[in-house]
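Counting in the numbering used here, the sequence shown runs without a single skipped number right up to 234 at its last residue.
These notes concern the structure reproduced below.
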Amino acid sequence: MRKLGFVGVMMPGEPGTEFDYDDPRFDPLWEAATDLDMPLSFHILTSRSSGLDATRGPKINAFLQIIRSCQDVMGLFIFSGVFDRHPGLKLVCAEADAGWVPHYMYRMDHAYEYHRYLMKAPPLERKPSEYFREHVAMTFQDDYVAFQCKDLVNVRRLMWASDFPHSDSTWPRSQAVLAEQTAHLTEQEKDWICHDNVAGWYGIEVH
28 MRKLGFVGVM MPGEPGTEFD YDDPRFDPLW EAATDLDMPL SFHILTSRSS GLDATRGPKI
88 NAFLQIIRSC QDVMGLFIFS GVFDRHPGLK LVCAEADAGW VPHYMYRMDH AYEYHRYLMK
148 APPLERKPSE YFREHVAMTF QDDYVAFQCK DLVNVRRLMW ASDFPHSDST WPRSQAVLAE
208 QTAHLTEQEK DWICHDNVAG WYGIEVH
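What follows is the structure, encoded as structure tokens:
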């Protein structure tokens, strides 16, 4: 894939194996992704448990839970120690918003501090939030909260996208949405979130 010019890999939310991504048998894949500097993207609606029909109440309620599968994958990598074994591995939580990330990191730290012995968590070299902050980038489109809480996450891991031409896209109002939601940001922060972060994360040379 790298020889063909690709800069990243799209992964299914659940592997087609009888074991999950935390299994050491996947370590050669994580090692290859690290060596080739190819971030691995996990997208919403790519897991069997994340379908729009899997909901309670009106179907629109499912729209609010489709990011759960991405959250579960991030937690799987963090709590299982994958990043301790592969400190250069880079993940992307794609099209799953980012406003939830500060609380998720805080909740992971709480879980590990209070419940790691009762719930049999493997020992980690760092706090769970530190792995998320360093190893996980998030793409999002219409997420006012993500811009507001940029100081509670790693601003260099926030990557805006319009999601064109999907139904959740900001198009044709992308410029208006950005103007409104980034009004409080510095020019440097706008550059990072709107283009520099993605170029750096994927090693894309911008002219």
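Beta carbons: idealized from backbone N, C-alpha and C, even for Gly.
Owing to the predicted nature of the structure, the values given are computational and were not obtained by experimental measurement.
Buried or exposed for residue i, going by 16 or more other Cβ atoms inside 10 Å?
i: E45; result: exposed
i: H211; result: exposed
i: P149; result: exposed
i: K197; result: Correcting the residue type first, residue 197 is Thr in the shown sequence and not Lys. Classification of T197: buried, given that the 10 Å Cβ count is 16 or more.
i: R184; result: buried
i: V233; result: exposed
i: H193; result: exposed
i: K30; result: exposed
i: L91; result: exposed
i: A123; result: buried
Going by DSSP, which residues form a beta bridge with residue i?
i: F167; result: W187
i: S68; result: M37 and V119
So, with DSSP's three-state summary, where would you put residue i?
i: L205; result: helix
i: M28; result: coil
i: V36; result: strand
i: H222; result: helix
i: Q92; result: coil
i: G230; result: coil
i: P55; result: helix
i: L176; result: First, the residue type needs correcting, since residue 176 is Cys and not Leu in the sequence shown. Correct three-state label for C176: coil.
i: M146; result: coil
i: F46; result: coil
i: P199; result: coil
i: K154; result: coil
i: H6; result: Past the edges of the chain, shown from 28 to 234, lies residue 6, and the structure says nothing about it.
i: T73; result: coil
i: T61; result: helix
i: A138; result: helix
i: K86; result: coil
i: H162; result: helix
How about residue i: is its C-beta nearer than 7 Å to some C-beta of chain C?
i: W228; result: The chain labelled as chain C is not found in the depicted structure, where only one protein chain is given.
Suppose only complete runs of 4+ residues qualify. What are the alpha helix (DSSP H) ranges in the stretch 103-134, listed by chain order? 109-112
Three or more C-beta pairs below 8 Å linking the stretch 129-145 and the stretch 111-120: no
Check whether the stretch 207-222 touches the stretch 167-182, counting contact only when three or more Cβ pairs, one atom from each stretch, lie closer than 8 Å. yes
Within the chosen definition, does the stretch 84-98 reach the stretch 56-65 through at least 3 CB pairs nearer than 8 Å? no
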